[in-house]
Amino acid sequence: MHQTNITLKRLDLTLPPFEVYHRLRPEFDTSFMLESAVGGSRTVAYSFLGFGPGEVLTCRQGRVEGGIGLDHLREDPGGYLRNFTAGFDHPCTRFPFVGGLVGYFSYEFAGRAEPSVVRCFPSDFPEFELGLYRECLIYDHSSFQVYLLSVGEAGPLQEIVGSLPERTDRRDLIVGDLVAEQGREDFEEGVRAVKGRIINGETFQTVLSRRLSCRYRGDLLNLYRSLRALNPSPYMFFLDFGERTVLGSSPETLLTVRGREATTYPIAGTRPLGQNATDRKRFREDLLQDDKERAEHAMLVDLARNDLSRVCKGGSVSVPEYMRVEEFSHVQHIVSKVQGTLREGCSSIDALQAVFPAGTVSGAPKPRAMEIIGEVEGSSRGPYAGGVGYVSFNGNLDSAITIRSAFACNGKLYFQSGAGIVADSDPSREFDETEHKLGAMKEALRHATEVMA
Numbered sequence: 100m101h102q103t104n105i106t107l108k109r110l111d112l113t114l115p116p117f118e119v120y121h122r123l124r125p126e127f128d129t130s131f132m133l134e135s136a137v138g139g140s141r142t143v144a145y146s147f148l149g150f151g152p153g154e155v156l157t158c159r160q161g162r163v164e165g166g167i168g169l170d171h172l173r174e175d176p177g178g179y180l181r182n183f184t185a186g187f188d189h190p191c192t193r194f195p196f197v198g199g200l201v202g203y204f205s206y207e208f209a210g211r212a213e214p215s216v217v218r219c220f221p222s223d224f225p226e227f228e229l230g231l232y233r234e235c236l237i238y239d240h241s242s243f244q245v246y247l248l249s250v251g252e253a254g255p256l257q258e259i260v261g262s263l264p265e266r267t268d269r270r271d272l273i274v275g276d277l278v279a280e281q282g283r284e285d286f287e288e289g290v291r292a293v294k295g296r297i298i299n300g301e302t303f304q305t306v307l308s309r310r311l312s313c314r315y316r317g318d319l320l321n322l323y324r325s326l327r328a329l330n331p332s333p334y335m336f337f338l339d340f341g342e343r344t345v346l347g348s349s350p351e352t353l354l355t356v357r358g359r360e361a362t363t364y365p366i367a368g369t370r371p372l373g374q375n376a377t378d379r380k381r382f383r384e385d386l387l388q389d390d391k392e393r394a395e396h397a398m399l400v401d402l403a404r405n406d407l408s409r410v411c412k413g414g415s416v417s418v419p420e421y422m423r424v425e426e427f428s429h430v431q432h433i434v435s436k437v438q439g440t441l442r443e444g445c446s447s448i449d450a451l452q453a454v455f456p457a458g459t460v461s462g463a464p465k466p467r468a469m470e471i472i473g474e475v476e477g478s479s480r481g482p483y484a485g486g487v488g489y490v491s492f493n494g495n496l497d498s499a500i501t502i503r504s505a506f507a508c509n510g511k512l513y514f515q516s517g518a519g520i521v522a523d524s525d526p527s528r529e530f531d532e533t534e535h536k537l538g539a540m541k542e543a544l545r546h547a548t549e550v551m552a
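Just so we're aligned: 317 in the working numbering is position 218 of the sequence shown, and the numbers increase by one with no gaps anywhere.
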């Protein structure tokens with residue numbers, strides 16, 4: 100990859116990323132859009148759009164499909180990805196993403212590194228689905244420029260962008276009634292079961308989740324458009340794999356890798372922004388003085404340190420920013436920064452597997468928490484609580500935790516949210532927390548849809 104030519108062509112394109120994606124998406128079976136809004140540790144620097152990947156890598160039941168070569172590693176998904184990305188070392192660092200793999204990892208991907216702790220349940224979603232993009236559109240929002248990036252020989256995107264299709268009418272999104280796989284009574288019973296295990300000393304915290312679903316037909320881009328307007332977040336994504344779609348607006352980083360530096364940003368502890376500066380300050384001070392919130396956050400920071408220590412040089416893992424309050428579109432969170440330097444022989448894929456899934460969506464200690472999740476939830480999570488993002492040809496990795504998201508397959512649309520259960524959790528309040536977290540998605544769905552007959 101180091102010797103492969105990367106070309107950049109500046110485009111005279113004034114349409115915003117969403118509009119360009121809306122016009123180009125019908126031309127391709129598979130595509131993606133990655134955007135960002137101000138919030139947390141990220142700024143609005145870039146938007147990335149990709150269409151028609153040269154290859155799509157899919158992992159089902161521990162076997163990698165798609166791609167060329169590496170057949171001896173297809174039963175070892177982590178090893179396959181390590182080898183597949185081993186040549187991702189192009190020196191171009193002008194942009195964080197210069198083509199590469201884009202897609203999602205389902206929660207069940209964790210079972211490839213820890214097979215004893217993740218139960219296998221039937222699922223419509225593979226353990227990962229990643230497109231290899233050698234062309235992409237890059238919106239540099241700092242300079243208000245748009246570029247077409249090509250790796251190797253130019254593909255069809257340049258010609259298509261040069262004669263951008265006229266604006267097309269947006270297809271409606273029509274949905275049926277939302278159905279909860281677990282109602283209040285069942286979820287609260289699950290909370291009590293988890294609390295029993297915590298009291299027995301098996302874990303300190305376990306994140307229990309519940310899923311809603313509905314039938315749908317039409318264009319899910321309408322839902323993404325509503326969600327990004329109602330709940331702008333540091334990570335906004337729309338991944339179209341034809342049969343499956345994953346979309347969302349996540350506030351939380353799973354992992355970034357730049358050069359040899361791996362970084363994660365645990366989030367735990369939430370308060371509203373309030374209506375004015377006085378409210379904001381009052382909520383902020385209340386958050387930082389909440390012993391329970393601080394204890395939970397400290398536990399997750401320790402978990403992140405332990406995860407990174409598995410792949411980083413001894414003594415390199417540090418917490419340069421601890422318990423800082425960051426403001427997002429509607430709330431403020433306690434956030435810390437945990438980073439380390441990867442050991443020789445450890446790759447960005449090794450780092451991803453080390454932190455996967457995030458402690459904020461599983462619990463601590465993580466292995467036993469994940470076992471309990473399988474026992475109590477009794478079904479696959481799919482993309483929920485996994486990761487979405489990219490591995491760039493220049494070696495960079497950036498990924499978000501797949502929360503505040505929706506995923507679709509076979510005419511069904513799914514939403515999921517969780518609550519961190521501890522020894523003194525109140526089952527009713529924990530159910531209410533899952534409802535609160537689903538609120539933005541439900542509101543976006545109302546704005547985006549008509550009711551299915």
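For each residue, glycine too, the CB sits at the ideal point set by N, CA and C. Predicted model only: the values in this text are computed from it and were never measured.
Leaving aside the five residues that flank E213 on each side, the residues in its chain whose CB is nearer than 8 Å to its CB run, in chain order, P466, M469. In terms of Cα proximity to E476, the closest of P125, Q160, S308, L180 is S308. As summarised for the region 156-242, the continuous beta strand (DSSP E) elements at least 3 residues long and confined to that stretch are 162-164, 199-204, 227-232, 234-239, given in chain order.
DSSP, read as helix, strand or coil, puts L114 in coil. Note that the C-beta distance between V460 and A484 is below 9 Å. Taking 4 residues as the shortest admissible run, the region 342-413 contains the following complete alpha helix (DSSP H) segments, listed from N- to C-terminal end: 376-387, 390-408. Annotation for Y334: S135, S349, A499 place their beta carbon closer than 7 Å to its own, counting only its chain and skipping 5 residues before and after. Taking the Cα positions, F514 is about 13 Å away from L326. Counted as a single uninterrupted DSSP element, the beta strand (DSSP E) harbouring F147 occupies residues 145-150.
C-alpha of F127 to C-alpha of L263: approximately 14 Å in a straight line.
Runs of the beta strand (DSSP E) lying entirely within the region 411-497 and spanning at least 3 residues, in chain order: 417-426, 430-440, 486-491. For K541, the closest of N330, Y489, S478 by C-alpha to C-alpha distance is N330.
By the CB criterion at 9 Å, T106 and S447 fall outside the cutoff. A direct Cα-to-Cα measurement between F204 and L236 gives close to 23 Å.
By the Cβ-count criterion, A328 is exposed, with fewer than 16 other Cβ atoms from all chains shown falling within 10 Å of its own Cβ. Counting along the chain, the unbroken alpha helix (DSSP H) around A292 starts and ends at 283-298. Under a 10 Å Cβ-count criterion, R370 is classified as buried, with 16 or more other Cβ atoms of the shown protein chains found around its own Cβ. Rounded to the nearest angstrom, the Cβ distance from F455 to F208 is 6 Å, consistent with a contact under 8 Å.
Here I298 is exposed, its C-beta having fewer than 16 other C-beta atoms within 10 Å.
In the three-state DSSP reduction, L512 falls in the strand class (E or B). Taking a 10 Å sphere around the C-beta of F147, we find 16 or more other C-beta atoms and assign the residue as buried. Three or more pairs of CB atoms, one per stretch, sit closer than 8 Å, so the region 424-444 contacts the region 396-412. The alpha-carbon of V430 is positioned some 10 Å away from that of G368. For the pair R283 and F530, the CB atoms are nearer than the 9 Å cut-off. Closest in C-alpha terms to Y323, from the list G373, A292, D271, I366, comes D271. Judged by DSSP secondary structure, R528 falls within the alpha helix (DSSP H) whose first and last residues are 526-547. When secondary structure is reduced to three states using DSSP, V260 falls in the helix class. Between the region 246-266 and the region 274-294, the count of Cβ pairs shorter than 8 Å is below three; the stretches do not touch. Excluding five sequence positions before and after C445, the CB atoms of its chain that fall closer than 6 Å to its own CB belong to V410, given in chain order. Residues T157 of the same chain have their beta carbon placed closer than 6 Å to that of E164, with the five preceding and five following residues left out of the count. DSSP, read as helix, strand or coil, puts R316 in strand. Ranked by Cα distance from G414, the first of N405, D239, G202 is N405.
Your pair Y206 and R480 checks out as a contact, with CB atoms roughly 4 Å apart and the cut at 8 Å. The shortest C-alpha to C-alpha distance from P190 to any of E395, T103, E532, C313 is the one to T103. In this structure, F220 is the residue among F220, L112, K511 with its C-alpha nearest to the C-alpha of R159. Here DSSP, grouped into helix, strand and coil, assigns R109 to strand.
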